[in-house]
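Heads up: the sequence shown begins at 65 in the numbering used here, then just goes up one per residue.
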Amino acid sequence: MGDGIRVYQTGHFFGLISAINPHQNKTVKLYKNGTPTRFGNSVSSVIKLSSDQEVNKTFTAEAGLTFLSIDAYLDTPLDDKSSIQFSARSSINNAFITPTYLQYYDRAFQETEITENSTNIIKTEEDFKFSDISFRWLYQLSEKDILRINYFYITNDLEFTANEFNLNNIYVRRSTLAQKNLGMGAFYKRNWSEKFTSSFQLYHTNYNLTSSNENNLNNEEVNQENKLNENSFKINSVYKFHSNFQLQAGYEFTSTNIKDGQAYGEITEDNIHSEKLNTNSLFSSVKYTSQSKNTVAEVGIRANYFNKFDLFLAEPRISFNQKFLKDFSVIALGELKSQYTTQIVDFQNDFLGIENRKWQLADQENIPVLKSKQFSLGVHYQKNKWLASIESYIKRVNGITSQSQGFQNQYEYARIIGDYEAKGIDFLIRKKINRFNTRLSYSITDNNYYFEDLSANAIPNNFEITNSFTVATSYSYKDFEISSGLTWRSGKPFTPISETGLTNNQFDYEATNSSNLKDYFRVDISASQKFKIQKKLQAYAGISIWNILDHENIINAYYQQDDNNQIYLVEQKALGLTPNFVFRVKF
Numbered sequence: 065m066g067d068g069i070r071v072y073q074t075g076h077f078f079g080l081i082s083a084i085n086p087h088q089n090k091t092v093k094l095y096k097n098g099t100p101t102r103f104g105n106s107v108s109s110v111i112k113l114s115s116d117q118e119v120n121k122t123f124t125a126e127a128g129l130t131f132l133s134i135d136a137y138l139d140t141p142l143d144d145k146s147s148i149q150f151s152a153r154s155s156i157n158n159a160f161i162t163p164t165y166l167q168y169y170d171r172a173f174q175e176t177e178i179t180e181n182s183t184n185i186i187k188t189e190e191d192f193k194f195s196d197i198s199f200r201w202l203y204q205l206s207e208k209d210i211l212r213i214n215y216f217y218i219t220n221d222l223e224f225t226a227n228e229f230n231l232n233n234i235y236v237r238r239s240t241l242a243q244k245n246l247g248m249g250a251f252y253k254r255n256w257s258e259k260f261t262s263s264f265q266l267y268h269t270n271y272n273l274t275s276s277n278e279n280n281l282n283n284e285e286v287n288q289e290n291k292l293n294e295n296s297f298k299i300n301s302v303y304k305f306h307s308n309f310q311l312q313a314g315y316e317f318t319s320t321n322i323k324d325g326q327a328y329g330e331i332t333e334d335n336i337h338s339e340k341l342n343t344n345s346l347f348s349s350v351k352y353t354s355q356s357k358n359t360v361a362e363v364g365i366r367a368n369y370f371n372k373f374d375l376f377l378a379e380p381r382i383s384f385n386q387k388f389l390k391d392f393s394v395i396a397l398g399e400l401k402s403q404y405t406t407q408i409v410d411f412q413n414d415f416l417g418i419e420n421r422k423w424q425l426a427d428q429e430n431i432p433v434l435k436s437k438q439f440s441l442g443v444h445y446q447k448n449k450w451l452a453s454i455e456s457y458i459k460r461v462n463g464i465t466s467q468s469q470g471f472q473n474q475y476e477y478a479r480i481i482g483d484y485e486a487k488g489i490d491f492l493i494r495k496k497i498n499r500f501n502t503r504l505s506y507s508i509t510d511n512n513y514y515f516e517d518l519s520a521n522a523i524p525n526n527f528e529i530t531n532s533f534t535v536a537t538s539y540s541y542k543d544f545e546i547s548s549g550l551t552w553r554s555g556k557p558f559t560p561i562s563e564t565g566l567t568n569n570q571f572d573y574e575a576t577n578s579s580n581l582k583d584y585f586r587v588d589i590s591a592s593q594k595f596k597i598q599k600k601l602q603a604y605a606g607i608s609i610w611n612i613l614d615h616e617n618i619i620n621a622y623y624q625q626d627d628n629n630q631i632y633l634v635e636q637k638a639l640g641l642t643p644n645f646v647f648r649v650k651f
C-alpha cells in the first residue's frame with residue numbers, strides 16, 4: 065500500500081521492474097507475520113510504503129537517467145504550512161534502444177508471438193512503453209491537524225503489428241495491450257492531546273487491463289478486459305491510557321467491483337461478468353511496552369463482515385518481543401487473515417502468449433474467500449555490529465483455486481479448490497567491519513498443495529524453493545561504494561512427461577511436480593560515486609551488471625506441440641548478463 069492506498073499493479077515490463085517510484089517513498093515496512101489489525105484483504109505479506117509525513121521547508125529536486133527509463137522528482141514548499149511532492153518516470157526505448165532494454169524485452173516476451181513468429185510472418189513492428197507519475201500534497205492546518213492528498217497513475221502499453229503472407233496475399237494482424245492503475249486519496253489526522261490521536265482516510269483505486277487482437281485474414285477482432293474499482297474509507301484512533309499501554313481501534317468500509325469480459329468484436333454488457341462485494345471491518349489492538357523497553361507485546365483482532373455472503377470472520381493477531389541476556393531477543397508472531405480478491409491465470413486465453421493475471425472477486429462457489437493462519441518463532445542477536453537471527457514458521461492458506469497457481473501440466477484445465485501449507489527456517493548473519501558490510505542468508509522450505517479432488521495426498525507447490533542462499537558484501541570509502549552479491553537456489557518443481565509422450569492425444573504426464581528444474585545461480589556487481597558539480601548541484605553515477613557470469617537460469621518449463629504434432633519442451637530463461645547505468649543530479 066502506498067500512503068494507505070492499495071496498489072493493484074506493482075510492476076512494469078509485466079512484473080520485471082517495480083512500478084513504485086523509490087524516490088518519493090521515505091519509509092518501507094514489511095509485515096510478514098503479526099500484521100497490525102488495521103490492514104486487511106491479504107493472506108501474504110503486507111508492504112507499507114510511506115512518503116515524508118512532515119511539511120518540507122526547503123526546495124529539493126532530482127532528475128535521473130538509466131538504460132531503461134528517465135525520471136524526475138520534486139519536493140517544494142508552497143508556503144510555511146504546505147508542501148508538494150511530484151515524481152514522474154517514463155521508458156526511454158522510444159528515443160533509443162539500450163542493451164539493457166533488449167535483455168528485459170527478450171525476457172518479458174520470450175516464447176510469445178512477439179518474438180517467436182511463424183514462417184508466414186514477413187514483417188513485425190512492436191511498440192512498448194511504460195510510465196508512472198505520483199503526486200502528494202501536505203497541508204499543516206494547525207499544530208494539531210494535518211491533511212494529505214495523494215495521486216498516482218501507472219501504465220504499460222504494448223502495440224504489435226504483424227504482416228502475414230497467406231494465400232498469395234498479405235494480411236495484417238494488429239494487437240494492443242494496456243495495463244493501467246490509478247489511485248487517489250485523502251488523509252486527515254488530528255492530535256487531540258499527547259495521549260489521543262485520530263485519523264480518517266478515504267481512497268479510490270482502479271485497475272484496467274484491456275487488450276485487442278485484430279486479424280483481417282479472418283476478419284476477426286477479439287477483445288478482452290479486466291477492470292477493478294475500489295472505494296474505501298477508514299477511521300482510526302490511538303489512545304495511550306497508561307504509560308505502558310496503548311489502545312488502537314477503528315472501522316473500515318471497502319467496496320470492490322470487478323468486471324471481466326471477452327468478445328469477438330465490441331465488448332458489451334452481455335459479454336461482461338460483474339461482481340461486487342462490500343466489506344465492513346472493525347479492528348482493535350492493545351500494545352504493551354515495559355519501562356525498560358525490553359518487553360513489547362501487541363494483541364489485537366480484526367472482525368470482517370462480508371454482506372454478500374452473510375459471512376463473519378474474526379482474525380486475531382499477536383506480536384511479542386522479549387529481550388534477554390542483554391544482546392538477545394525472542395520474537396513470536398501469529399495471525400489469522402483473509403483475502404477476497406485473487407488473480408486468476410488462464411493460459412488458454414492469454415494475449416499473444418503473454419500471461420495475463422486477471423483480478424477476480426470471491427463468490428464462495430468457484431472462488432472462496434481465502435483464509436490463512438500462521439505462526440513464527442525467532443531468536444535475534446545484535447552486538448558490536450553483528451546481527452544474527454534464526455526464525456522458524458508454519459503457514460496454512462485455505463481456499464486457493466488451481467487457476468490462481470499457474471499450473472502448466474495435467475491440471476492446467478482443472479477448476480479445483482484446495483489448500484497449501486508452507487514450513488521453513490530462515491537464517492541471517494550480517495557484520496560490518498570498518499568500511500565492509502557483509503550479509504549472508506539461507507532459507508529452507510517445505511511447501512505443498514492439498515487438493516481433496518486429486519488422488520495425491522500432497523503435491524509440491526509450483527513456487528516452492530526448497531533451498532535458497534544469498535551472500536552480499538559492499539565496500540564504501542567517502543562517496544564511493546562497490547558491492548557484489550551471489551544468489552543460489554534450488555530449481556522450481558517441474559512435471560515431466562512419460563517416454564510415451566501422448567495418451568489419447570493428450571500429454572502423458574508423470575506425477576505432478578515430481579522433478580525439479582536446474583538450480584538457479586547468479587552473481588551481480590555494482591559501483592557508484594557521488595560528487596559535486598557546483599555548490600548546490602550534486603550528482604550520482606553508478607553502473608551495475610546483473611548475472612555477470614551470464615549463467616543460463618531456467619525459471620519455468622512446460623510442454624507444447626508444433627504444427628506437425630511434435631512435442632517440444634519450452635524453457636523460459638531468466639535475465640542473462642545485463643548491464644545498467646544510472647546518472648542522477650540533485651538540486
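Positions of the beta carbon are idealized from the N, C-alpha and C atoms, including for glycine.
Item                                                                                                                          : Value
Where F347 sits in the DSSP three-state scheme                                                                                : strand
DSSP state of L166 mapped onto helix, strand, coil                                                                            : helix
G68 in three-state terms, based on DSSP                                                                                       : coil
Inter-residue CB distance, E294 and T320 (contact presumed, cutoff 8 angstroms)                                               : 5 angstroms
N- and C-terminal bounds of the beta strand (DSSP E) containing N531                                                          : N531 to Y541
Own chain partners of F7 with C-beta closer than 6 angstroms, once the 5 adjacent residues on each side are dropped           : Since the displayed the chain opens at 65 and closes at 651, residue 7 lies outside it and no answer follows.
Under 9 angstroms between C-beta atoms of R200 and F150                                                                       : yes
Own chain partners of W450 with C-beta closer than 7 angstroms, once the 5 adjacent residues on each side are dropped         : K495
Distance between K253 and N521 (C-alpha atoms, nearest Å)                                                                     : 51 angstroms
Y327 - DSSP class collapsed to helix/strand/coil                                                                              : Reading off the sequence shown, one finds Ala at residue 327, where the question assumed Tyr. The answer is strand: DSSP assigns A327 an E or B state.
Minimum C-alpha distance to T99 - residue among S505, L400, I331 and P557                                                     : L400
Residue(s) in a DSSP beta bridge with K96                                                                                     : Note: K96 sits in no beta bridge, so no partner.
Strand pairing of S319, partner residues [DSSP]                                                                               : N295 and N342
Neighbourhood of N105 by C-beta distance below 8 angstroms, restricted to the same chain and skipping five residues each side : R70, T318, T343, S402, Q403, Y404 and T405
Straight-line gap, P560 to Q474 (C-alpha atoms, nearest Å)                                                                    : 10 angstroms
Beta strand (DSSP E) segment containing I148, residue limits                                                                  : S146 to S155
Whole-number beta carbon distance between N462 and D483, since they are thought to touch under 8 angstroms                    : 5 angstroms
Anticipated Cβ contact below 8 angstroms, S345 with R366, distance rounded                                                    : 6 angstroms
Residue ranges of each beta strand (DSSP E) within the segment 105-134, 3 or longer                                           : 110-114 and 124-130
Own chain residues within Cβ distance below 7 angstroms of S348, not counting five before or after                            : T101, Q312, A313, G364 and I365
Given R479 as reference, the closest of I497, Q467, N245 and D374 once Cα atoms are compared                                  : Q467
I111 versus N97: straight-line alpha-carbon distance, rounded                                                                 : 11 angstroms
Per DSSP, the bridge partner or partners of H76                                                                               : I81
Nearest-angstrom Cβ-Cβ length linking Q326 and I218, presumed shorter than 8 angstroms                                        : About 24 angstroms separates the two Cβ atoms, so there is no contact after all.
Given 8 angstroms, three or more beta-carbon pairs between the segment 154-169 and the segment 583-602                        : no
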